[in-house]
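Written out below as structure tokens is the structure these notes cover.
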Amino acid sequence: MTVVIDQNEKDRRAQQRHPEKAHRPDTPVQRKPEWIRVKAPGGREYTSTESVVREHGLHTVCEEAGCPNIGECWTHRHATMMILGDTCTRACAFCNVKTGLPGLLDAGEPGRVAEAVARLGLKHVVVTSVDRDDLPDGGAKHFADTINAIRAASADTTVEVLTPDFRGKAGAIETVMAARPDVFNHNLETVPRLYLNIRPGARYYASLRLLDRAKDLVPDGFTKSGLMVGLGETREEIMQVMDDLRTAGVDFLTIGQYLQPTKKHAALDRFWTPDEFKGLEATARAKGFLMVSATPLTRSSYHADADFAELKAARAALK
Ligand code: SF4
């Protein structure tokens, strides 16, 4: 089954959700190739996941970013929690999360996330957030509070965090790592040459340093990062990024296809083929990543629970 998308409706909503993008020239959204096919959202388990999210007043990146995998993931009760509100202070050109001035921090959110995780019975949960450059610690303590609340409610659940760069704020990464997430993830998203257009509020080397520091702080924890392809990067540039990530000690690399959310978002350069993804995976494994997921529909949190089990097994096999 395929998801039917009303592109005009998406474009209209984008104008309201991304005021900073309204003045951009339109770039038509290209038709997806036949290898990008997803399960339509719906069914009993999907609705049950949705109810838990709504009842706890939570946001998920699955919905806010318009993730194509939501039909599959929510059917398996895998929802990726998005904390620190639903409004991002950055304006990345690829991202569909709402931008603007966020409201006050919701101190009850960590507890509600923990309750929802327990209700969903998750073995492994991914917690991400919007960027909160307005907060003195970038939201680091809220991440730590959320990790601690999940552990208190579900002692056996492993926790993966996918954080912003905290704009290098003093003590932020130390605060998050002190809560000892099982996996620390921060996405580089793209190659350094494209940062100014694609991630204008971020700096490539600041993101690399964050990953390096996370590994220094908790050497026996796992670190993870992700890239999108299809924005105009070359294979050689991706290989350089892989080398940079290995130098920073990153264990797990995800690579997925960029899908342009609306005509106001960054233009798609091209769709990489499934065989090209296999080639990227083989190259990344040869460079020494413990775990690599590279397919057109790979996203940071896609199959994160099964991948975490593989990641642990891969490290154990080295001993
Ligand atoms: S891949 Fe991640 S963001 Fe997308 S639906 Fe699945 S859990 Fe949500």
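First residue of the sequence shown? That's 751 in this note's numbering, and the numbers climb one at a time after it. No residue lacks a Cβ here, since even glycine has one placed at the ideal position from N, Cα and C.
Query	Result
Cβ-heavy atom distance, valine 1071 to the ligand SF4, below 7 Å	Residue numbering for the chain in the displayed model covers 751 to 1069; residue 1071 lies beyond these limits and cannot be assessed.
Selected residue, minimal CA-CA separation from glycine 858, among Thr896, Phe844, Leu1009 and Ala890	Thr896
Continuous alpha helix (DSSP H) stretch holding serine 975: start and end	Per DSSP, serine 975 belongs to no alpha helix (DSSP H); it is in the beta strand (DSSP E), 972-979.
Residue from Leu1018, Trp785 and Asp966 whose Cα sits closest to the Cα of valine 979	Leu1018
Buried or exposed (CB count within 10 angstroms, at least 16 for buried), glutamate 813	buried
Through-space distance from alanine 894 to arginine 949, alpha-carbon basis	25 Å
beta-carbon cysteine 823 near the ligand SF4 non-hydrogen atom, thresh 7 Å	yes
Unbroken stretches of the alpha helix (DSSP H), 4 residues or longer, contained in the stretch 915-991	922-928, 945-948 and 954-967
Burial state of serine 1050 (16 or more Cβ within 10 Å)	buried
Host beta strand (DSSP E) of threonine 1004 (start-end)	1002-1007
CA-to-CA distance, arginine 840 to alanine 1036, given in whole angstroms	35 Å
Within 8 Å, strictly: CB atoms of threonine 908 and phenylalanine 1039	no
Residues that serine 904 bridges to, as DSSP identifies them	Answer by DSSP bridge pairing: none, since serine 904 is not bridged.
Residue closest to serine 879, alpha-carbon to alpha-carbon, out of Val811, Lys1069, Ala956 and Arg804	Val811
Given isoleucine 1094 as reference, the closest of Asn937, Tyr945 and Asp994 once Cα atoms are compared	With the chain covering only 751 through 1069, there is no way to say anything about residue 1094.
Stretch-stretch touch, CB-based, cutoff 8 Å, three pairs: the stretch 952-964 with the stretch 927-944	yes
Same chain, Cβ closer than 7 Å to methionine 1041, neighbours up to 5 away in sequence not counted	Asp1001, Phe1002, Asp1057, Glu1060, Leu1061 and Ala1064
Reduced DSSP secondary structure (H/G/I, E/B, other) of histidine 809	strand
Inter-stretch contact at 8 Å, needing at least 3 Cβ pairs: the stretch 1017-1031 / the stretch 765-772	no
Arginine 869 vs valine 802 beta-carbon contact at 8 Å	yes
Assumed close pair aspartate 915, alanine 952 - CB separation to whole angstroms, cut-off 8 Å	6 Å
heavy atom of the ligand SF4 below 7 Å from arginine 1049 C-beta	yes
Cα-Cα separation between alanine 843 and alanine 929, rounded to whole angstroms	31 Å
Cβ-based neighbour list, alanine 922, same chain, cut-off 6 Å, excluding 5 preceding and 5 following	Asp887, Gly888, Ala890 and Phe916
Contact test: cysteine 817 Cβ vs the ligand SF4 heavy atom, cutoff 7 Å	yes
Pair within 8 Å by beta-carbon distance, glycine 816 and proline 1011	yes
Threonine 925, buried or exposed, once every other Cβ within 10 Å from all chains shown has been counted against 16	buried
The ligand SF4 heavy atom lying under 7 Å from the CB of alanine 922	no
Enclosing alpha helix (DSSP H) for isoleucine 820 [first to last residue]	820-825
Valine 876: first and last residue of the uninterrupted beta strand (DSSP E) it sits in	874-879
Coil, strand or helix - leucine 834 by DSSP	coil
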